[in-house]
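Undergrad: If you use mature numbering (1 follows the signal peptide of the UniProt record, and there is no 0), the sequence shown corresponds to residues -24 to -1, 1 to 377, in order. Ideal Cβ placement from N, Cα and C applies to all residues, glycine included.
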Amino acid sequence: MRKIWLVMLITAGSLATPTTPARAAPATCNGLAATIVGTAGNDVITGTAGNDVIAAFGGNDTVSGLGGNDTACLGQGNDFFDGGTLNDTFVAEAGAADGTDSFVGGAGTDRVSYGARTGGVTVTLDGVANDGTLFENDNNNIDVEEVIGGAGPDKILGNAATGFVDGNAGDDIIDCSAGTRAAILVGRDGHDTITGGTQADSILGFAGNDVLTGGGGRDSIWGHAGTDRLLGGGDDDILSGGDGNDALLGNDGDDELLGDDGNDTLAGQADDDVLRGGDGDDTGIASASAVDGTDSFSGGAGVDLANYSARTDALTISLDGLADDGVPGEGDNNGADVEDAIGGSRGDVLTGNALSNHLNGNTGDDTINTVGDAAVDVAEGSFGYDTCNTDFADTELGCEV
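Dropping the structure here:
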C-alpha cells in the first residue's frame, strides 16, 4: 500500500493568517450614515423623495434635497443647498471656515447648524451673505427657521419666522425680537444675552450670568445657574431665577416671579404680580407708583425684605400674610415668612410678625410696631419724628417716642 503524507511547513514565529484589504470608514453627516455621497470635485446632487443624508465632500457643489427630511454636509468649497419640502438641516463643517455656502430651506421647518464650530460665528436669517466666521460669507435664507450655534461667542439674529435657537457653549447674543411666532431660545454654557419676540417664548439661560428678556406674549423665562437678570415684557410672564443671586423684573402684565435659590431681587412692576423668593435672602421691591397693582410677596427660607423705599405716599406694611398692605385699597400681601421691611418717604405704619424683624421707617413720621412676640426685633425710625412700639428685648434706633 502506498502512503500519502501531508507536509505542512511552518516558519519560525506564529501561524500566518490571511489578511483583508483595509476599508474606508463609511461617510457620515451630523452623526448619521450618509445615503448619498459626493466626490472631491464639483458635484450636482439631487436627493430623493425620502429622507436623505447627503455628504457632498469637497468641490463647489449644488445639492437639491427634494422631498423628505434631508440633512446635508457640503464639505469644503462654495456650495449651495436647497432643502426642498419638509424639514431640512444644513450642517456647517468643523474648522474656521468651509467656503462660502448658501442654504435655502424651502417649505417645512429648516435648521442651520454650526454646532461643530469652536470659534464664534454670526448667523442672520436674512438672505444676505454675512454668516459664519469673519469673511466666510455664508448665506442663510429667510426661510430657515432654526439655528444651532457653535462653542464660541456667537451672534444670532432671527427673523419673524424663527422658532428655535440653541446658542450652544460660549457667550452668545441671541436676538429674536423680530419674531412673530412662539420660539424656544436656549443659551446653554456662557454668559448669554437673549431677547424674545412678540409671542409666548420660552427662554432658557442655563449656566453663566445671563440677561434674558421676554418682549410681548406670555413668556416663560428660566435663568438656571449663575447670576442672571430676567426681564418680562408686556404680558403675563413666568420668571424663574434658578441658582445664584438673580434679579427679576416683571414689567407689564400679571407676572409670577420665582427667585428659587440664592439671594434674589424681585420687582413685579405694573399689574397684579406674585413674587416668591424661595431659598436665600430675598428682596421684594414695590414700584414707585401706588397704582402698580395688587401684589403678593412670600419670602421662603432666609431673611427676606419687603422694600417700599421708592414710594412717596403714606403706607401700611404688615408682615402677616393678609392683603392689607400699601396705600389704602391697594391690597398688597406681604407674607408671614417675610422678616424685614422698609417704608417710603411719608408717614408709614410698619408692623412685624413672630419672626425676628428689622423694620425701617425710612423718611417721614413713621409708626413702627414690634410689640407682642418673643422674637428679638429692631425698630429703626431713621429720618423723621418716629414712634416705636417695642418689647423689652427689642432694639430701637432713631425713635423719638
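Any idea what DSSP makes of R157, helix, strand or coil?
TA: R157: coil per DSSP, three-state reduction.
Undergrad: Thinking C-alpha only, which one of D211, L331, G166 is nearest S196?
TA: It is D211 whose Cα lies nearest to the Cα of S196.
Undergrad: Return the chain-ordered ranges of every beta strand (DSSP E) run that is complete within the region 123 to 188 and spans a minimum of 3 residues.
TA: Taking only runs of at least 3 residues, the beta strand (DSSP E) segments lying wholly in the region 123 to 188 are 131 to 133, 140 to 142, 149 to 151, 160 to 162, 169 to 171, 178 to 180.
Undergrad: Buried or exposed for G26, going by 16 or more other Cβ atoms inside 10 Å?
TA: Exposed is the call here.
Undergrad: Does the Cβ of E376 have 16 or more other Cβ atoms within 10 Å, making it buried, or fewer, making it exposed?
TA: E376 comes out exposed.
Undergrad: So, for L188: in the same chain, excluding its five sequence neighbours on each side, which residues have a beta-carbon less than 6 Å away from its beta-carbon?
TA: Cβ within range, chain order: I170, I179, G181, I197, L206.
Undergrad: At the level of alpha carbons, what is the spacing between L225 and G337?
TA: Answer to the nearest angstrom: the Cα atoms are 25 Å apart.
Undergrad: Taking one C-beta from the region 49 to 63 and one from the region 93 to 101 each time, how about it: are there three or more such pairs within less than 8 Å?
TA: Touching, no, given that fewer than three Cβ pairs across the two stretches are closer than 8 Å.
Undergrad: Could you check what DSSP says for L291 in three-state terms: helix, strand or coil?
TA: Looking at L291 - three-state DSSP - the assignment turns out to be coil, as it is neither helix nor strand.
Undergrad: So the candidates are D219, G193, I214; which of them puts its Cα closest to the Cα of H200?
TA: Here the closest residue by C-alpha is D219.
Undergrad: Give me the Cα-Cα distance between E69 and T24, rounded to the nearest whole angstrom.
TA: Cα to Cα, the separation comes out at about 23 Å.
Undergrad: Where are the alpha helix (DSSP H) runs, 4 residues long or more, that stay fully inside the region 197 to 250, in chain order?
TA: The region 197 to 250 contains no whole alpha helix (DSSP H) run of 4 or more residues.
Undergrad: Compute the Euclidean distance between the alpha carbons of I293 and G173, then round it to the nearest angstrom.
TA: Going from the Cα of I293 to the Cα of G173 covers about 37 Å.
Undergrad: Less than 8 Å between the CB atoms is what I'm expecting for N333 and L295, so what's the real figure, rounded?
TA: Right, their Cβ atoms sit about 7 Å apart.
Undergrad: Can you give me the start and stop residues for the beta strand (DSSP E) that D58 sits inside?
TA: From DSSP, the beta strand (DSSP E) with D58 extends over 56 to 58.
Undergrad: Cα separation between S321 and I214?
TA: Taking the straight line joining both Cα atoms gives about 31 Å.
Undergrad: Count the other CB atoms, across all protein chains shown, that sit within 10 Å of the CB of A277; report buried if there are 16 or more and exposed otherwise.
TA: Burial call: exposed.
Undergrad: Tell me which same chain residues have a C-beta within less than 6 Å of the C-beta of D142, skipping the five on either side of it?
TA: Correct list, in chain order: I124, V162.
Undergrad: Pull up the distance between the alpha-carbon of L42 and that of D271, whole angstroms please.
TA: If you take the alpha carbons of L42 and D271, they lie about 55 Å apart.
Undergrad: Taking one C-beta from the region 338 to 349 and one from the region 358 to 376 each time, how about it: are there three or more such pairs within less than 8 Å?
TA: Segments in contact, yes.
Undergrad: How should A16 be labelled, buried or exposed, when 16 other C-beta atoms within 10 angstroms of its C-beta is the threshold for buried?
TA: With fewer than 16 other Cβ atoms within 10 Å, it is exposed.
Undergrad: Are the beta-carbon atoms belonging to residue 394 and G253 less than 7 Å from one another?
TA: A query on residue 394 cannot be resolved here, the shown segment of the chain reaching from -24 to 377 and no further.
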